[in-house]
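Asks: So in the numbering used here the end of the sequence shown lands on 121, straight run, no missing numbers.
We treat Cβ as the ideally placed atom computed from N, Cα and C, and that holds for glycine.
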Amino acid sequence: MARWENGPGILHGAATDIPVEIAASYRARTRGLLGRDGIEGALLLTPASGIHTFRMRFALDIAYLSRDFTVLAVRTMRPGRLGVPRPRARHVLEAEAGAMARWGLRPGLHLTVVPDNTR
Numbered sequence: 003m004a005r006w007e008n009g010p011g012i013l014h015g016a017a018t019d020i021p022v023e024i025a026a027s028y029r030a031r032t033r034g035l036l037g038r039d040g041i042e043g044a045l046l047l048t049p050a051s052g053i054h055t056f057r058m059r060f061a062l063d064i065a066y067l068s069r070d071f072t073v074l075a076v077r078t079m080r081p082g083r084l085g086v087p088r089p090r091a092r093h094v095l096e097a098e099a100g101a102m103a104r105w106g107l108r109p110g111l112h113l114t115v116v117p118d119n120t121r
């Protein structure tokens, strides 16, 4: 996809298809998951190479993705932490803590994201 837009999508390549919210604008990336008590599925921040969990209400699983959506690393972060930016990361996937293990996300796994314009 040449230009990403905010909106819903589906993440393929894990053990199950995962509903994602795509946050492509500066405003959507800045807002992220702040003010929420949870998320069903995941939030894809693009472009992004690092995140923080300041003022978050719950712990997060973070997957750093390369330009071609290969998982570089998966981490769990408690609220109030600053993640180390990953130089090769182009996208960051955020979900509730424990979700990525259930989905089978691990380094080396190649994913695809398809915008879902039907919602």
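Should Ala97 go down as buried or exposed, given a rule of 16 or more other Cβ atoms within 10 Å for buried?
Replies: It counts as buried.
Asks: Could you tell me which whole beta strand (DSSP E) segments of length 3 or greater appear in the stretch 94-121?
Replies: List check, beta strand (DSSP E) in window: 114-117.
Asks: Given this structure, state the Cα-to-Cα distance separating Ser27 from Glu7, to the nearest angstrom.
Replies: About 7 Å.
Asks: On the criterion of 16 or more Cβ atoms from any shown chain inside 10 Å, does Thr174 qualify as buried, or is it exposed?
Replies: Limits of the chain in this structure are 3 at one end and 121 at the other, which puts residue 174 out of reach.
Asks: Quick check on Met3: does DSSP put it in helix, strand or coil?
Replies: Residue placement at Met3 is flagged as unreliable, the pLDDT there being 48, under the threshold of 50; the coordinate-derived value follows with that caveat. In this structure, Met3 counts as coil in the three-state DSSP scheme.
Asks: Using a Cβ-Cβ cut-off of 8 Å (strictly less than) and excluding sequence neighbours within five positions of Asp19, which residues of its own chain qualify?
Replies: Cβ within range, chain order: Ile12 and Leu13.
Asks: Please report the distance separating the alpha-carbon of Ser68 from that of Ala44.
Replies: Roughly 17 Å separates the two Cα atoms.
Asks: Taking DSSP's pairing of strands, which residues face Gly9 in a bridge?
Replies: Note: Gly9 sits in a beta bridge opposite Ile24.
Asks: Using the C-alpha atoms, what's the distance from Gly15 back to Arg57?
Replies: The straight-line gap from Cα to Cα measures roughly 31 Å.
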